[in-house]
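Novice:
Residue numbers (my numbering), protein chains in the order written: chain A, 1 to 170; chain B, 1 to 170; chain C, 1 to 170; chain D, 1 to 170.
1. For residue 127 of chain D, which of D/14, D/91 and D/28 has the nearest alpha-carbon?
2. Compare the C-beta of residue 43 of chain C against all C-beta atoms of chain B and say whether one is closer than 9 Å.
3. Output the boundary residues of the alpha helix (DSSP H) element that contains residue 94 of chain D.
4. How would you list, in chain order, the residues of chain D whose beta-carbon sits under 9 Å from the beta-carbon of residue 63 of chain A?
5. Which first and last residues belong to the beta strand (DSSP E) in which residue 63 of chain B is found?
6. Could you check whether residue 55 of chain B and residue 140 of chain A sit closer than 9 Å to each other, using their CB atoms as the reference points?
7. Check the Cβ-Cβ distances between residue 89 of chain C and every residue of chain A, and say whether any is below 9 Å.
8. Counting only runs of 4+ residues fully inside the region 125-167 of chain B, write out the alpha helix (DSSP H) ranges in chain order.
9. Kindly confirm or deny that the region 88-107 of chain C and the region 100-112 of chain B touch, where touching means at least three C-beta pairs closer than 8 Å.
10. Against residue 132 of chain A, what residues of chain D qualify as contacts under a CB-to-CB distance less than 8 Å, listed in chain order?
11. Looking at the C-beta of residue 126 of chain C, does it have a partner C-beta in chain D at a distance below 9 Å?
12. Quick check on the DSSP output: the beta strand (DSSP E) that includes residue 32 of chain C runs from which residue to which?
13. For chain D, find out if any of its Cβ atoms is closer than 9 Å to the Cβ of residue 6 of chain C; answer yes or no.
14. Enumerate in chain order the residues of its own chain whose CB-to-CB distance from residue 32 of chain A is below 7 Å, with the five nearest sequence positions on each side excluded.
15. Using a 10 Å radius around the Cβ and a threshold of 16 neighbouring Cβ atoms, would you call residue 96 of chain D buried or exposed?
16. Pull up the distance between the alpha-carbon of residue 234 of chain C and that of residue 6 of chain C, whole angstroms please.
17. Can a CB atom of chain B be found closer than 9 Å to the CB of residue 109 of chain D?
18. Which of helix, strand or coil does DSSP assign to residue 86 of chain B?
19. First and last residue of the alpha helix (DSSP H) that includes residue 16 of chain B?
20. Identify whether residue 55 of chain D lies in helix, strand or coil by the three-state DSSP scheme.
21. Can you list, in chain order, the residues of its chain with a C-beta nearer than 6 Å to that of residue 167 of chain D? Leave out the 5 residues immediately preceding and following it.
22. Using the beta-carbon of each residue, which ones in chain B are nearer than 7 Å to residue 115 of chain A?
23. Return yes when the Cβ of residue 64 of chain C is within less than 9 Å of the Cβ of residue 82 of chain B, no when it is not.
24. To which residues of the same chain is residue 150 of chain B closer than 6 Å at the C-beta, ignoring the five residues directly before and after it?
25. Determine which residues of the region 134-164 of chain A have a Cβ less than 7 Å from any Cβ of chain B, and write them out in chain order.
26. Anyone know if the C-beta pair for residue 60 of chain D and residue 26 of chain D falls short of 9 Å?
27. Within 9 Å (strictly less), CB to CB, does residue 49 of chain B reach chain A?
28. By the DSSP assignment, the beta strand (DSSP E) with residue 7 of chain B in it spans what residues?
29. Less than 9 Å between the beta carbons of residue 152 of chain C and residue 10 of chain C, yes or no?
30. Quick test of your reading: residue 66 of chain A and residue 90 of chain A, contact by CB under 8 Å. State the CB separation rounded to the nearest angstrom.
The structure is reproduced here in structure tokens:
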């Protein structure tokens, strides 16, 4: 049976506003996805992406990194590094190849991925309390009209549970 | 001298929440861009895009439509219809080919284009009072950290003035 | 009525094997396309592309340059410079936006565009005697199975005549 | 250590000219890539792609399918199905994500992938005697100027040996 592919989206390592706690949450999310037999898909770089890959790979899971340009951009926990050559336009592939998106913290690239998920009618789980654009979306009105496609999670376990549940509803 | 390319982004004709007044504002924006020698770039379809193209072409300006798939998707006021074959992924080209973005109303595709503009460090002018994701961005906190790159406009003339001014600052 | 868009594909200015005569042929082709009311589409850079744009723009025609990255890559005769941000992957857009392709000389990028034209079932006119990959295709067997979609031309006038004729057949 | 990614390119199942022997060669190539610890990258569909994935997955290797649109387009032997949403424009990703390309038989899509490999300076191994565009390239002059980047193979073992050797030279 085909495994479920969950995109984990969020800030790269250059975003100094991401807390150590948020990185641990991302790592926990990666581990839980792998424990349920899911595959972690991400942009393959540092920060949230690296944390999710670390958690998943240490739990024995597969991690796919859709890299902007070259394979050497991949973090150490990407098991399948894909050098797209598309620069930031590789974002759309993170979403296209996933069955659902879990987002933490994040800046414009994360907002870009969330908007692609909405366009493609993919479920989006917003991790509350992680700051960045994700918390703005949790507290603001922008996502309200799409309540059926969007969930807010309050823990790593809650996020993974909701992502898998929303995949099954589709 | 190279003309300024202004992207006009917003809902297509399927978004019933767009008011007649907002469409008139988009048409006025198109006309003002053309009168200043600018080129209107857009996704080439109906709604806000068609209104902006109508205003620009009736003022003698050039309008470029970056279409999802085929040339026959173009509205009647596109002078240069470009069939990208990229589907909704053509959004990034609307932004890449523009010097600044003016956004009205809009749903996920418009949010997607605004996020690309932020990633590419292109100026964004949000037209207040037009509803949709644009008004959520005007009233919410999401764009606040990028105040230097983003302006809020209260009339068509204000929007075009701010878009050209922000282009020159770059 | 919608104008016909003809892509003119071939070597950029870095290909030292392109003869002055071939550049003149490309310029003549551009002029003839414009005189028939057609639009020249190309990659927007030097060499064959610049020659075709020069001919077309001097004949009062519109020339569209689909540039790899930035507008300042455009040759001086591009009237609509489109900065795609796609690098060499913008090749596909040259083909997608055209109704037919005329190819002269050329290296791997030109072969790439010709292969896209074949995939998209767009007519291809190969300009004989211009060297490069185009002459290899004229004299070799690779294009033989697609005779209905491909024509060989022996002069600029012949190339433009055949490109317009093949567009109408579609 | 990062595994070597080898793209196997060639006709899909709709190309009736592909012989059973050529399919067996593709399967053998897939198996040999996997036995050397390499990853098979391909377009994920039938024909040559399926044969290569079959060989690799039965030898315990990883196979990545970069699919035009949806995951259900994948052949049964793709272990990592990636739904790109790019249609035929996903070809470039097959090449971008690979360290070298082995091509068998093939039509315009295969020629497209080979031209991308040449543009990206990736090694190309042409499998002689498999028909299609690959044999035209083996017997014609088109690839001659790029002799250092291109090899002709006469057996599956020869192809895989040359692909790995050319990767190491880079």
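Using N, Cα and C, we set each Cβ at its ideal position, and we do this for glycine too.
Specialist: Put simply:
1. Considering only alpha carbons, the answer is D/28.
2. no
3. 91-96
4. Chain D residues near residue 63 of chain A: none, gap ~11 Å exceeds 9 Å.
5. 63-67
6. no
7. yes
8. As far as the region 125-167 of chain B is concerned, its whole alpha helix (DSSP H) runs of at least 4 residues are 132-139.
9. no
10. In chain order: nothing, as chain D lies at least about 26 Å away.
11. no
12. It is not in any beta strand (DSSP E) - residue 32 of chain C instead sits in the alpha helix (DSSP H) that spans 20-35.
13. no
14. Taking C-beta separations shorter than 7 Å and ignoring five residues to either side along the sequence, the partners of residue 32 of chain A in its chain run 156, 157 and 160, following chain order.
15. buried
16. In the structure as shown, chain C starts at 1 and stops at 170, and residue 234 of chain C therefore has no counterpart that could be examined.
17. no
18. coil
19. Element bounds for residue 16 of chain B: n/a, residue is neither H nor E.
20. helix
21. 4, 99 and 100
22. 108, 111, 112 and 115
23. Taking 9 Å as the cut-off, the Cβ atoms of residue 82 of chain B and residue 64 of chain C count as close.
24. 124 and 143
25. 136, 140, 141 and 142
26. The answer is no: Cβ separation not under 9 Å.
27. no
28. 5-10
29. Residue 10 of chain C sits away from residue 152 of chain C, with the two beta carbons spaced by 9 Å or more.
30. 5 Å
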